[in-house]
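*Asks:* Once you've had a glance at the structure underneath, I'll fire off some questions.
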Amino acid sequence: MTAVTAAAGASAKKPKVGSLERQRRWTMRGTYLALCVFVVIFLIPPFYMIMTSLKSSAEISAQKGNPWIAQSPTLDNFVYLITNDQFQRYFLNSAWVTGLEVIISMTIAILAAFSLSRMGFKGSQVISTGVFLTYLVPPSLLFIPLFQLVGNLGLINNTWVLVLLFPTLAVPFCTWIMIGYFSSIPKELDEAALIDGANYPQILLKIFIPVAMPGIIAATIFAFTVGWGAFLYPLAYLYSADQAVLTVGIVRELIRGDVFAWGTIMAACVIGAAPPIIIYTFLMDYYVAGLTSGATKG
Amino acid sequence: MSEVSLRKIVKSFEGDVQAVKGIDLEINDHEFVVLVGPSGCGKSTTLRMIAGLEEVTSGEIWIGGDVVNDVPPRDRDIAMVFQNYALYPHMSVFENMAFGLKLRKFPKDEIRRRVDDAARMLDIETLLDRKPKALSGGQRQRVAMGRAIVRNPKVFLFDEPLSNLDAKLRVQMRTEIKKVHQMVPTTTVYVTHDQVEAMTLADRVVVMNHGVIEQVGAPQELYHNPQTRFVAGFIGSPAMNFMNCRLEEAAGALRVRLSDTLAFPVPASRTARYRSYAGMSNLVLGLRPEHITESRPNVVPDQHDFDVKIDVVEPMGMETLVYFTIEGVTVSGRVNPNAGATAQQPMKLRADLGNMHLIDDSTGKVL
Chain A
0 MTAVTAAAGA
10 SAKKPKVGSL
20 ERQRRWTMRG
30 TYLALCVFVV
40 IFLIPPFYMI
50 MTSLKSSAEI
60 SAQKGNPWIA
70 QSPTLDNFVY
80 LITNDQFQRY
90 FLNSAWVTGL
100 EVIISMTIAI
110 LAAFSLSRMG
120 FKGSQVISTG
130 VFLTYLVPPS
140 LLFIPLFQLV
150 GNLGLINNTW
160 VLVLLFPTLA
170 VPFCTWIMIG
180 YFSSIPKELD
190 EAALIDGANY
200 PQILLKIFIP
210 VAMPGIIAAT
220 IFAFTVGWGA
230 FLYPLAYLYS
240 ADQAVLTVGI
250 VRELIRGDVF
260 AWGTIMAACV
270 IGAAPPIIIY
280 TFLMDYYVAG
290 LTSGATKG
Chain B
0 MSEVSLRKIV
10 KSFEGDVQAV
20 KGIDLEINDH
30 EFVVLVGPSG
40 CGKSTTLRMI
50 AGLEEVTSGE
60 IWIGGDVVND
70 VPPRDRDIAM
80 VFQNYALYPH
90 MSVFENMAFG
100 LKLRKFPKDE
110 IRRRVDDAAR
120 MLDIETLLDR
130 KPKALSGGQR
140 QRVAMGRAIV
150 RNPKVFLFDE
160 PLSNLDAKLR
170 VQMRTEIKKV
180 HQMVPTTTVY
190 VTHDQVEAMT
200 LADRVVVMNH
210 GVIEQVGAPQ
220 ELYHNPQTRF
230 VAGFIGSPAM
240 NFMNCRLEEA
250 AGALRVRLSD
260 TLAFPVPASR
270 TARYRSYAGM
280 SNLVLGLRPE
290 HITESRPNVV
300 PDQHDFDVKI
310 DVVEPMGMET
320 LVYFTIEGVT
330 VSGRVNPNAG
340 ATAQQPMKLR
350 ADLGNMHLID
360 DSTGKVL
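Residue numbers (numbering that gives the first Met the number 0), protein chains in the order written: chain A, 0 to 297; chain B, 0 to 366.
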């Protein structure tokens with residue numbers, strides 16, 4: 000009885016004024032807590048990677064002191080990699096393969112998306128869905144049949160095989176993003192251009208590509224990530240050192256039997272991760288705008 | 000020479016939906032024609048077929064003496080202004096207006112001259128460097144018009160260009176469009192669902208409904224001599240009153256009876272015209288609100304007083320609208336604000352039967 004009375008008295012003293020404000024405060028606290036957990040989970044590995052890359056082999060193997068801080072930071076690992084011919088080759092291989100892959104994928108994706116979203120031919124809906132369905136087939140299932148195909152083409156252990164194969168991974172999703180983005184462009188815009196005297200290639204070049212730039216950037220970043228970070232295909236189809244790309248090269252070159260050159264491996268990872276991180280940092284806003292626009296209109 | 004001629008134009012969409020059901024229309028050189036009708040009446044489809052944005056299912060479209068059915072939009076020498084402006088968002092106002100000329104490989108100084116001329120005419124000279132997103136709705140619509148004007152085409156097409164603007168701006172832009180047409184008297188086809196726009200802008204109004212043309216005529220002609228109940232009801236605001244009636248003949252004179260207690264003599268000038276319909280059922284009396292006014296002491300031929308109980312009063316400032324009921328149908332009248340109209344009170348009104356319309360309800364034709 001007493002308890003009930005006390006509770007009633009308390010609620011009478013504190014009327015629920017500003018409960019919206021209080022609710023907001025709690026929501027914010029919850030949000031920040033969730034974000035902190037998220038940040039810790041996702042930033043600890045890169046942090047540890049950077050720290051280890053700055054340690055000498057001696058410091059890593061000594062296992063003394065705080066492992067999270069480099070006691071005597073050194074750039075030796077980076078210097079070793081940057082001056083290493085083999086590592087330079089891996090990096091350059093990754094760069095030109097990914098560059099070509101992005102150009103090829105985006106050319107195909109933009110042309111496909113434009114025709115699928117705007118030309119309105121029979122079956123374009125079915126093809127649009129089909130394009131997306133191909134994206135759902137896991138690459139790890141495809142690499143065995145592809146091995147035979149690549150073998151018949153005589154491209155085993157030839158870096159060009161990646162230029163051929165990476166677009167098959169990137170094009171479906173890039174096309175999907177671009178279809179979404181192109182569909183969000185009002186129909187009147189191409190009609191106005193048609194009346195102004197443009198033909199379809201001109202509409203694509205002068206209207207659609209400039210207007211859909213955020214979507215194109217988003218798709219380009221995706222295509223870049225696909226090529227730059229790929230591991231399975233290069234591992235399966237390329238076996239000699241001069242043909243390897245960065246992801247596979249790091250593993251092949253820096254892990255010898257059961258000897259792990261941790262400092263150098265981590266430095267290689269930092270160098271390997273740098274291009275995507277730099278690209279994301281500068282183009283993040285476009286990436287998000289492009290993806291969300293595709294999401295709502297697709 | 001830029002007449003537009005539509006001959007037996009039919010447009011069917013997939014699933015056998017006929018949006019346009021065989022219309023014929025001749026639009027003269029320099030004429031300003033407005034297609035008006037409710038949504039779904041086929042007016043926009045007709046305009047898009049003239050533009051070449053929709054294919055014609057059957058029939059012929061002529062522009063300037065040539066059949067253009069199979070001519071792509073860019074070779075039809077037309078310019079179109081869209082409802083949502085359709086400005087290229089990544090280009091400046093100047094680039095938007097110059098785009099069509101650039102594609103047609105006009106020399107640079109000619110492009111500059113034409114854009115400057117159009118900008119001056121539309122009062123957007125100071126906006127040429129801005130992007131469309133930095134413009135207000137009215138300014139965007141001017142740019143869209145500018146883009147059409149610089150091309151100096153055979154025909155201007157307007158697809159509900161004022162629908163996205165607020166009421167005040169709409170009136171202002173309406174005048175602007177009329178002014179532009181006076182300066183550049185290009186043949187114009189203008190689509191709207193707003194009958195006031197149609198009446199104020201058009202040399203001739205084409206009223207469409209359900210994919211057919213109901214009536215073509217000058218605004219005043221449509222207003223005073225509608226040929227169908229649809230046109231009578233669509234043109235004019237507030238809309239014409241329609242009351243079920245009977246035509247009675249007694250001693251050589253005709254009376255139009257609205258209820259057991261209310262009947263008006265038909266004007267002598269119309270007796271001969273209506274005599275054959277005496278005794279027919281399915282008749283409707285059409286009378287515009289402005290022809291139902293407050294009673295006045297003077298006697299005017301063909302105007303008759305009657306008593307009603309007012310349901311609702313709507314003061315508009317320069318006039319007052321009154322609503323009352325006859326046989327279950329709400330009827331509106333326009334009275335002087337000082338006539339003392341009061342809701343739920345009896346009032347003596349005057350009907351001007353000289354402006355009556357008698358409609359056969361079964362065919363929808365005005366008799």
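Heads up, the beta-carbon is just placed ideally off N, CA and C, and yes, glycines get one too.
(1) Could you tell me how far apart the beta carbons of I8(B) and I60(B) are, in whole angstroms, since I believe they sit closer than 8 Å?
(2) Name the DSSP beta bridge partners of C244(B), please?
(3) Does the beta carbon of M79(B) come closer than 8 Å to any beta carbon on chain A?
(4) Determine the chain B residues that contact G196(A) at a beta-carbon separation under 7 Å, and present them in chain order.
(5) Given that a residue counts as buried once 16 or more other Cβ atoms are within 10 Å of its Cβ, and exposed if not, what is N76(A)?
(6) Since P264(B) sits in a beta bridge, which residues does DSSP pair it with?
(7) Using the C-alpha atoms, what's the distance from R269(B) back to E187(A)?
(8) For the stretch 205-228 of chain A, list every residue whose C-beta sits within 9 Å of some C-beta in chain B, in sequence order.
(9) Does chain B have any CB closer than 8 Å to the CB of L42(A)?
(10) Pull up the CB-CB distance for L53(A) and P72(A), whole angstroms please, since I reckon it's below 8 Å.
(11) Give me, in chain order, the residues of the same chain whose beta-carbon lies closer than 6 Å to that of V66(B); leave out the 5 immediate sequence neighbours on both sides.
(12) Can you tell me which of G248(A), A192(A), G214(A) puts its alpha carbon nearest to the alpha carbon of D84(A)?
(13) Which residues does DSSP list as the beta-bridge partners of W61(B)?
(14) Quick one: which chain B residues come within Cβ less than 9 Å of L115(A)?
(15) Considering P345(B), what are the terminal residues of the beta strand (DSSP E) in which it resides?
(16) For the candidate residues G29(A), G271(A), T263(A), whose alpha-carbon lies nearest to that of N92(A)?
(17) Examine chain B for any beta-carbon lying closer than 8 Å to the beta-carbon of A112(A), and answer yes or no.
(18) Given 8 Å as the limit, is there contact between the stretch 336-348 of chain B and the stretch 285-293 of chain B, that is, 3 or more CB pairs closer than that?
(19) How would you list, in chain order, the residues of chain B whose beta-carbon sits under 8 Å from the beta-carbon of P185(A)?
(20) According to DSSP, is I184(A) helix, strand or coil?
(21) I'd like to know if A50(B) contacts chain A, where contact means its C-beta is closer than 8 Å to some C-beta of that chain.
(22) Could you name each continuous alpha helix (DSSP H) segment of 4 residues or more that falls completely within the stretch 5-67 of chain A, going from the start of the chain to the end?
(23) For the alpha helix (DSSP H) that contains N92(A), what are its first and last residues?
(24) Comparing alpha-carbon positions, which option in I43(A), Y236(A), D241(A), E20(A) lies nearest N151(A)?
(25) Taking the CB atoms as reference points, tell me whether V154(B) and S275(B) lie closer together than 8 Å.
(26) Would you kindly check if the distance between the Cβ of L282(B) and the Cβ of L352(B) is under 8 Å?
(27) For Q201(A), return the contacting residues in chain B, with the cut-off set at a CB-CB distance below 8 Å.
(28) Could you check how far apart the C-beta atoms of Q214(B) and T199(B) are, in whole angstroms? I think they sit under 8 Å.
(29) Out of Q70(A), S104(A), C268(A), F142(A), point me to the one whose CA is closest to V244(A)'s CA.
(30) Would M27(A) be called buried (16 or more neighbouring beta carbons within 10 Å of its own) or exposed?
(31) Closer than 8 Å, CB to CB, is H89(B) near chain A or not?
(32) Assuming I176(A) and G226(A) make a contact with CB atoms under 8 Å, what is their CB distance in whole Å?
(33) Whose C-beta lies closer than 7 Å to the C-beta of T263(A) among residues of the same chain, with five residues either side of it excluded?
(34) CB-CB under 8 Å to V36(A), same chain, minus the five flanking residues each way: which ones, in chain order?
(35) Using the beta-carbon of each residue, which ones in chain B are nearer than 9 Å to L193(A)?
(36) Is it the case that the stretch 101-112 of chain A contacts the stretch 185-199 of chain A, given that we only count it when at least three CB pairs across the two stretches are under 8 Å?
*Replies:* Checking against the coordinates, here is how it stands:
(1) Sequence index remark: in the second sequence, residue 8(B) carries index 9 (1-based). Sequence index remark: in the second sequence, residue 60(B) carries index 61 (1-based). The beta carbons of I8(B) and I60(B) sit about 7 Å from each other, so the pair counts as a contact at 8 Å.
(2) In the second sequence, the residue the question calls residue 244(B) occupies position 245. According to DSSP, C244(B) bridges with L282(B).
(3) Counting from one through the second sequence, the residue named residue 79(B) turns up at place 80. It does: the Cβ of M79(B) has a partner Cβ on chain A nearer than 8 Å.
(4) Stepping through the first sequence from its first residue, residue 196(A) is reached at position 197. Those within 7 Å of G196(A) in chain B are R73, G99, L102, R103.
(5) One-based indexing of the first sequence puts residue 76(A) at position 77. Answer is buried; the Cβ neighbour count reaches 16.
(6) Within the second sequence, the letter at position 265 stands for residue 264(B). Looking at the DSSP output, P264(B) sits in a beta bridge with R254(B).
(7) Residue numbering aside, residue 187(A) sits at position 188 when the first sequence is read from its first letter. Residue numbering aside, residue 269(B) sits at position 270 when the second sequence is read from its first letter. Computed Cα separation, rounded: 51 Å.
(8) Close to chain B, meaning a Cβ-Cβ distance shorter than 9 Å, are the following residues of the stretch 205-228 of chain A: K205, I206, P209, V210, M212.
(9) As a first step, residue 42(A) is located in the first sequence; it is residue number 43 there, counting from the start. Proximity of L42(A) to chain B, defined by a Cβ-Cβ separation below 8 Å, is not satisfied.
(10) As a working note, residue 53(A) is residue 54 in the first sequence. As a working note, residue 72(A) is residue 73 in the first sequence. Yes, they are in contact, since the Cβ atoms of L53(A) and P72(A) sit about 4 Å apart, within 8 Å.
(11) As a first step, residue 66(B) must be located in the second sequence, where it is residue number 67. Cβ within range, chain order: E59.
(12) As a first step, residue 84(A) must be located in the first sequence, where it is residue number 85. With distances taken between Cα atoms, D84(A) lies closest to G248(A).
(13) Translated into the one-based positions of the second sequence, residue 61(B) becomes position 62. In DSSP, W61(B) forms a bridge with S4(B), V66(B).
(14) Indexing the first sequence from 1 puts residue 115(A) at position 116. Ordered by position in chain B, no residue passes the 9 Å Cβ test against L115(A), which lies about 19 Å from the chain.
(15) Numbered from 1 along the second sequence, position 346 holds the residue referred to as residue 345(B). Counting along the chain, the beta strand (DSSP E) containing P345(B) begins and ends at 345-351.
(16) The count along the first sequence starts at 1 and reaches residue 92(A) at position 93. For the set G29(A), G271(A), T263(A), the Cα lying nearest the Cα of N92(A) is the one of G271(A).
(17) As a working mapping, residue 112(A) is identified with position 113 in the first sequence. No, A112(A) does not count as interfacial toward chain B.
(18) Contact holds: three or more Cβ-Cβ distances are below 8 Å.
(19) Residue numbering aside, residue 185(A) sits at position 186 when the first sequence is read from its first letter. Within 8 Å of the CB of P185(A), the CB atoms of chain B belong to N83, A85, in sequence order along the chain.
(20) In the first sequence, residue 184(A) corresponds to position 185, counting from 1. The answer is coil: DSSP assigns I184(A) none of H, G, I, E or B.
(21) Here residue 50(B) refers to the residue found at position 51 when the second sequence is read from its first residue. Proximity of A50(B) to chain A, defined by a Cβ-Cβ separation below 8 Å, is satisfied.
(22) As far as the stretch 5-67 of chain A is concerned, its whole alpha helix (DSSP H) runs of at least 4 residues are 18-52, 56-61.
(23) Here the question's residue 92(A) lines up with position 93 in the first sequence. Unbroken alpha helix (DSSP H) run through N92(A): 84-113.
(24) Looking up residue 151(A) in the first sequence gives position 152. Of I43(A), Y236(A), D241(A), E20(A), the residue nearest in Cα terms is Y236(A).
(25) The residue given as residue 154(B) occupies position 155 in the second sequence. The residue given as residue 275(B) occupies position 276 in the second sequence. No, the pair does not count as a contact, with Cβ atoms beyond the cut-off.
(26) Numbered from its first residue, the second sequence carries residue 352(B) at position 353. Numbered from its first residue, the second sequence carries residue 282(B) at position 283. Not a contact, by the Cβ cut-off of 8 Å.
(27) Reading the first sequence from its first residue, position 202 is the one you call residue 201(A). For Q201(A), the chain B residues whose C-beta falls within less than 8 Å of its own C-beta are L102, listed in chain order.
(28) As a working note, residue 214(B) is residue 215 in the second sequence. As a working note, residue 199(B) is residue 200 in the second sequence. Q214(B) to T199(B), Cβ: 18 Å. No contact.
(29) To locate residue 244(A), count along the first sequence from 1; it is residue 245. If you compare the alpha carbons of Q70(A), S104(A), C268(A), F142(A) with that of V244(A), the shortest gap goes to C268(A).
(30) As a first step, residue 27(A) must be located in the first sequence, where it is residue number 28. Under this definition M27(A) is an exposed residue.
(31) Your numbering for residue 89(B) matches position 90 in the second sequence. True, the Cβ-Cβ gap to chain A drops below 8 Å.
(32) For this step, residue 176(A) is matched to residue 177 along the first sequence. For this step, residue 226(A) is matched to residue 227 along the first sequence. So it is not a contact: roughly 16 Å between Cβ atoms.
(33) As a working note, residue 263(A) is residue 264 in the first sequence. The residues are N76, Y79, L80, L253.
(34) Here the question's residue 36(A) lines up with position 37 in the first sequence. The beta carbon of V36(A) is closer than 8 Å to none in its chain, skipping five residues each way along the sequence.
(35) In the first sequence, residue 193(A) corresponds to position 194, counting from 1. By Cβ distance, chain B contributes A50, G51, L52, P71, P72, R73.
(36) These segments do not touch.
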